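For reference, the structure is listed below as structure tokens.
In my numbering, the protein residues as written are 5 to 412.
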């Protein structure tokens with residue numbers, strides 16, 4: 005790995021500490037004698053100032069396809085009452101499936117959907133997207149409507165979005181508005197959204213790999229992770245303004261099979277990752293894509309947690325060792341200025357995560373197409389200016405070009 009100076013030393017110290025913690029993983033994990041809680045939601049939390057009390061672990065549906073109504077109903081039977089979707093998930097099939105499944109249960113649940121409102125979109129165009137979502141969801145309103153995957157300040161500065169939101173609220177088509185973000189320029193966009201006073205909820209990336217507290221727990225006084233303090237600050241800032249914060253991307257790529265051989269006594273990596281997120285008192289809940297019934301049961305095993313368990317740290321550290329050098333941390337953006345061609349590195353690597361980690365090539369290609377030229381410039385790059393630019397050791401010079409070849 006090409007690193008230099010203090011940055012290289014920091015990464016070396018960090019990975020060494022992670023390795024030493026992970027060495028004892030097998031024996032440490034066997035100490036997990038406490039019974040894993042039965043599946044089912046055990047805690048509901050008020051979402052900011054909305055008055056909505058949502059399940060602390062809720063249903064994400066980015067890969068939900070037609071005919072999966074039973075999966076939605078299993079989540080509902082497990083106590084989940086917040087269902088997150090978007091107009092473009094699975095080409096609209098996600099909303100349609102949720103609408104079919106929750107017909108007759110609308111008064112028991114909260115539904116959130118999203119639209120990618122561009123800087124030049126008109127109020128009427130955004131309204132048409134909302135009305136399409138309402139038809140597919142078979143409802144007259146959504147509880148939260150997000151401006152989706154915001155990575156450009158100009159999208160938040162479009163007055164048409166605010167005119168649309170005011171009108172849609174007046175017409176009863178939406179109750180609350182939100183902004184979602186998990187890619188480039190995340191901190192800048194969330195700061196703007198919080199300061200604007202126009203949004204009720206944030207759906208934002210947040211996981212143990214982005215949180216300085218995770219490293220400080222076992223690196224003590226080594227100043228090796230102060231490179232990304234933004235997300236904890238932003239979550240706290242949103243809380244102080246009365247906004248709700250729902251975490252996503254909580255599994256840092258969700259490569260669950262990488263960890264199965266290290267899990268013991270029913271304690272799983274995903275539950276450890278969720279407990280870490282839910283231990284932050286400023287987080288109201290999390291949303292995670294639920295692909296099958298077994299995962300719903302596993303994920304809900306962490307519901308009700310307010311602190312990490314004894315066995316969580318080595319599981320999380322081992323996952324970081326396996327995947328830390330290939331996973332882009334949302335909200336970091338420290339590589340952004342390294343590319344003279346202006347490649348949106350964080351956005352490119354996010355689409356790689358969809359393809360390689362989530363196994364959802366359709367989602368990956370759809371999102372990559374929105375990046376325009378994407379990482380095409382990487383194919384003819386001779387200077388590799390971004391090599392070593394990532395403070396976490398991600399080889400952006402290798403991964404960005406490979407992503408273009410895979411998804412273009």
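Yeah, the Cβ is synthetic: ideal placement off N, Cα and C, and Gly gets one too.
Bear in mind that the values here come from a model prediction, so they are computed numbers and not experimental data.
Cβ shell of residue 32 (< 7 Å), same chain only, five flanking positions each side left out
For the purposes of this step, residue 32 is taken as residue 28 along the chain shown, with counting starting at 1. Since pLDDT at residue 32 reaches only 43, below the 50 mark, its modelled position is unreliable, and the value read off the structure follows with that caveat. Closer than 7 Å at the Cβ level, and outside the excluded window around residue 32, lie 315 and 318.
Can you tell me the Cβ-Cβ gap for residue 250 and residue 204, rounded? I've got them flagged as a contact below 8 Å.
Walking along the chain shown from the start, residue 250 turns up at place 246. Walking along the chain shown from the start, residue 204 turns up at place 200. Incorrect: roughly 11 Å between the Cβ atoms, too far for contact.
Buried or exposed (CB count within 10 angstroms, at least 16 for buried), residue 395
Reading the chain shown from its first residue, position 391 is the one you call residue 395. That one is buried.
Same chain only: Cβ atoms within 6 Å of residue 78, ignoring 5 sequence neighbours per side:
Along the chain shown, one-based indexing puts residue 78 at 74. Closer than 6 Å at the Cβ level, and outside the excluded window around residue 78, lie 297 and 300.
Spatial neighbours of residue 306 in its chain, beta-carbon cut-off 6 Å, leaving aside the 5 residues before and after:
One-based indexing of the chain shown puts residue 306 at position 302. 275, 278 and 279.
Should residue 4 be labelled buried (16 or more other beta-carbon atoms within 10 Å of its own) or exposed?
This structure does not reach residue 4, given that the chain is present from 5 up to 412, and the question cannot be answered.
Is the stretch 350-368 touching the stretch 254-268 in the sense that three or more CB pairs, one from each, lie closer than 8 Å?
Yes, the stretch 254-268 is in contact with the stretch 350-368.
Can you pull the DSSP bridge partners for residue 293?
For this step, residue 293 is matched to residue 289 along the chain shown. Residue 293 is bridged to 64.
Segment contact, 8 Å Cβ cut-off, at least three pairs: the stretch 114-123 with the stretch 133-151:
Because the criterion of three Cβ pairs below 8 Å is met, the stretch 114-123 and the stretch 133-151 touch.
Contact under 8 Å by Cβ, residue 140 with residue 103:
As a working note, residue 140 is residue 136 in the chain shown. As a working note, residue 103 is residue 99 in the chain shown. Yes, they are a contact pair.
Where residue 169 and residue 267 are concerned, what is the direct C-alpha to C-alpha distance, given to the nearest angstrom?
Walking along the chain shown from the start, residue 169 turns up at place 165. Walking along the chain shown from the start, residue 267 turns up at place 263. Each residue's Cα considered, the two are about 46 Å apart.
Can you check whether the CB of residue 199 is closer than 8 Å to the CB of residue 164?
Residue mapping note: residue 164 aligns to position 160 of the chain shown, counting from 1. Residue mapping note: residue 199 aligns to position 195 of the chain shown, counting from 1. For residue 164 and residue 199, no; Cβs fall outside 8 Å.
Within 8 Å, strictly: CB atoms of residue 4 and residue 351:
Lying outside 5 to 412, the shown extent of the chain, residue 4 is not represented and no answer is given.
Where do the N-terminal and C-terminal ends of the beta strand (DSSP E) with residue 208 fall, by residue?
Mapped onto the chain shown, residue 208 falls at position 204. From DSSP, the beta strand (DSSP E) with residue 208 extends over 205-209.
Starting from the Cα of residue 147, find the closest Cα among 158, 113 and 155 and give me that residue.
In the chain shown, residue 147 corresponds to position 143, counting from 1. For the residues 158, 113 and 155, the minimum Cα distance to residue 147 belongs to 113.
Kindly indicate which three-state DSSP category residue 265 falls into: helix, strand or coil?
The count along the chain shown starts at 1 and reaches residue 265 at position 261. Shown here, residue 265 sits in a helix according to DSSP, grouped into three states.
Determine the DSSP secondary structure at residue 217, reduced to helix, strand or coil.
Locating residue 217 in the chain shown gives position 213, counting from the first residue. Looking at residue 217 - three-state DSSP - the assignment turns out to be helix.
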